[in-house]
Structure formats: structure tokens, C-alpha cells
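Per full-length UniProt numbering, residue 1 is the first one in the sequence shown, and the count goes up by one each step.
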Amino acid sequence: MVSRHHNGSNGLSAGIGSSQRFGLHSPGRAHLAIALTAMLLAGSLCACGSTSGDGASPSASASSPAASQSPAASQSPSSTASASSPSASSSSASAAVSSACTTKELTAKLTQGAGGGAGSSYPYLVLTNSGSRTCTLRGYPGVSLRHGDTQIGAAAERDRTVDASTITLQPGQSAHSALRIVNAGNFDSSACTPTDADTMLIYPPDQKESISIDATGITGCANSDIQILYVQVFQQGEE
Numbered sequence: 001m002v003s004r005h006h007n008g009s010n011g012l013s014a015g016i017g018s019s020q021r022f023g024l025h026s027p028g029r030a031h032l033a034i035a036l037t038a039m040l041l042a043g044s045l046c047a048c049g050s051t052s053g054d055g056a057s058p059s060a061s062a063s064s065p066a067a068s069q070s071p072a073a074s075q076s077p078s079s080t081a082s083a084s085s086p087s088a089s090s091s092s093a094s095a096a097v098s099s100a101c102t103t104k105e106l107t108a109k110l111t112q113g114a115g116g117g118a119g120s121s122y123p124y125l126v127l128t129n130s131g132s133r134t135c136t137l138r139g140y141p142g143v144s145l146r147h148g149d150t151q152i153g154a155a156a157e158r159d160r161t162v163d164a165s166t167i168t169l170q171p172g173q174s175a176h177s178a179l180r181i182v183n184a185g186n187f188d189s190s191a192c193t194p195t196d197a198d199t200m201l202i203y204p205p206d207q208k209e210s211i212s213i214d215a216t217g218i219t220g221c222a223n224s225d226i227q228i229l230y231v232q233v234f235q236q237g238e239e
């Protein structure tokens with residue numbers, strides 16, 4: 001019995017030694033385990049805190065749309081610039097109008113031009129800048145034949161075979177418009193009612209005042225249903 005008790009006591013001692021080796025009954029290791037548990041609890045609390053921190057970030061991002069409204073401020077300069085562009089284009093249009101040659105700055109004459117043939121003559125109507133400034137011509141003249149104060153037949157019809165361009169005339173320079181004058185003798189006299197002209201009335205492009213030049217030797221048809229005058233756009237030079 002005593003020996004069995006002694007053996008049991010030795011077994012217990014051996015068991016205690018084994019448990020001490022695994023740290024189950026070591027006071028220092030117990031304190032360490034408690035410390036580790038506390039750290040784990042603290043980590044859980046930190047994790048909760050970080051979750052609430054993440055929840056605050058949407059409010060920060062929610063404020064970013066307000067910052068994105070700043071492009072509206074950048075739109076105002078462009079709208080102001082675009083609003084000012086019509087006045088700029090109006091200024092350029094005014095400059096174009098003011099540069100046009102006026103009737104008072106021009107003198108007119110008829111030249112032989114391309115001669116005649118096939119029942120028509122092809123003189124040139126020449127306008128010369130007699131003013132003191134550079135000016136421009138663009139488009140067609142208005143042309144009609146007159147006897148005294150009476151217009152003979154229809155005014156000239158526009159011949160659109162040549163495209164219009166802006167002609168710049170320095171003082172002393174000229175531009176010409178090619179005319180076609182159909183011989184009144186080509187038509188039945190009862191229908192035409194031939195009438196001798198004494199002047200040709202000319203309106204420069206975009207002008208309301210006219211120039212009169214001698215038209216002796218040209219015969220028109222008093223019947224305005226018969227077209228005998230045709231004009232082209234002005235081109236650079238006298239010929």
C-alpha cells in the first residue's frame with residue numbers, strides 16, 4: 001500500500017512536470033495568456049472603431065459634388081466671349097459696308113470691250129475710283145437706257161455665267177462689267193418699238209445714286225417684254 005502510494009505520488013509529480021512543460025500551470029504563462037486575451041479584445045474594439053470611421057467617408061465624398069460645381073464658374077467666361085462675338089461680326093460687317101465704293105467716288109464710261117457679232121455688241125462698262133481712298137466693288141451694276149427722262153424698255157438682266165468676287169480699287173484703278181446689247185433690229189419693229197437712247201443710267205453695286213453717261217448710237221426697244229440688255233459682275237481692270 002505504501003509503495004503504491006509512493007508510486008502514485010511519483011505519478012502525480014510526473015504529471016505535474018508534464019503539465020508545467022506545456023505551460024498549463026505556469027503563473028507567468030497565465031499572465032501572458034490574459035494579456036493576449038486583452039489585446040484581442042482591444043483589437044476587436046479597434047475594428048469596430050475603424051468601421052465607424054469608414055462610415056464617415058461617404059459624407060466626405062458627398063461633399064465632392066459641391067466642389068464639382070466649380071465648372072459652372074468656368075462656363076461664364078466662354079458665355080461672355082460668345083455673347084460678344086455678334087458685336088465683333090457686326091463691326092466687321094460695318095467695315096465691309098464702309099469700304100464699298102460710293103457713287104460719288106466713281107466715274108463711268110463705255111469701251112469697245114469684246115466688240116460685236118451675231119446681232120449683239122459686247123462693250124465694257126468701266127468704273128474708275130476717282131476718290132482719295134481705297135474702296136471695293138462686288139457684284140452687278142444696275143443699267144438701263146433712257147431717252148430724255150424716260151426709261152427705254154426693261155433694265156439690264158443679270159448674266160450669271162461669272163461668279164462675283166470683291167474687287168479692291170485704289171485711287172485711279174478701274175473695274176469693268178461686260179455688257180451685251182442685242183441689236184433692236186433683230187426684232188419685229190411693231191413688237192419692239194425701236195427707240196434711240198441718249199443716256200445710259202448706271203447704279204454701282206449697293207448704291208442708290210446713279211451715274212449717267214452718253215449712249216448715243218444705241219437703240220433700245222420700248223417694249224419692256226423684249227430683253228436687249230445683259231450685264232455681268234465687275235472684274236478687275238479696265239479690260
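Just so it is clear, CB atoms sit at the ideal spot from N, CA and C, and this is done for glycine as well.
The model shown is predicted, which means the values in this text are computed figures rather than measured ones.
Around the beta carbon of THR161, fewer than 16 other beta carbons sit within 10 angstroms, so the residue counts as exposed. Annotation: PRO194 to PRO171 spans about 39 Å, alpha carbon to alpha carbon.
8 Å or more divides the Cβ of ILE167 from the Cβ of LEU201. Listed in chain order, the non-local C-beta contacts of SER132 below 8 Å within the same chain comprise PRO171, local neighbours out to five positions each way being set aside. LEU125 is a Cβ neighbour of SER177, given a cutoff of 8 Å.
Within the DSSP bridge table, the entry for GLU157 names TYR230 as partners.
In this structure, LEU110 lies away from LEU127, with their beta-carbon atoms at least 8 Å apart. THR199 sits away from SER190, with the two beta carbons spaced by 8 Å or more. Taken through DSSP and simplified to helix, strand or coil, GLY116 comes out as strand. When DSSP states are grouped into helix, strand and coil, ALA175 belongs to the strand group.
Annotation for SER190: the continuous alpha helix (DSSP H) segment containing it runs 189 to 192. A direct Cα-Cα distance of roughly 26 Å separates ASP206 from SER121. The C-alpha of GLN232 lies about 27 Å from the C-alpha of ASP188. Using a Cβ distance threshold of 8 Å, GLY117 and GLY220 do not count as a contacting pair.
Put simply, the backbone Cα of GLY115 is about 13 Å away from that of ASN183.
Residue pairing by DSSP places THR111 opposite TYR124 in a beta bridge. Within the same chain, GLN170 come within 6 Å of THR134 by CB-CB distance, once the 5 residues on both sides are set aside. When secondary structure is reduced to three states using DSSP, GLY185 falls in the helix class. Nearest C-alpha to GLU238 among THR103, ALA108, THR102: ALA108.
Straight-line spacing of the CA atoms in HIS147 and GLU157 works out to 19 Å. Its chain contains PHE187, CYS192 as the residues whose beta carbon lies nearer than 6 Å to that of ILE226, once the 5 sequence neighbours on both sides are disregarded; these appear in chain order. Contact annotation: ALA155 and LEU229 have beta-carbon atoms nearer than 8 Å.
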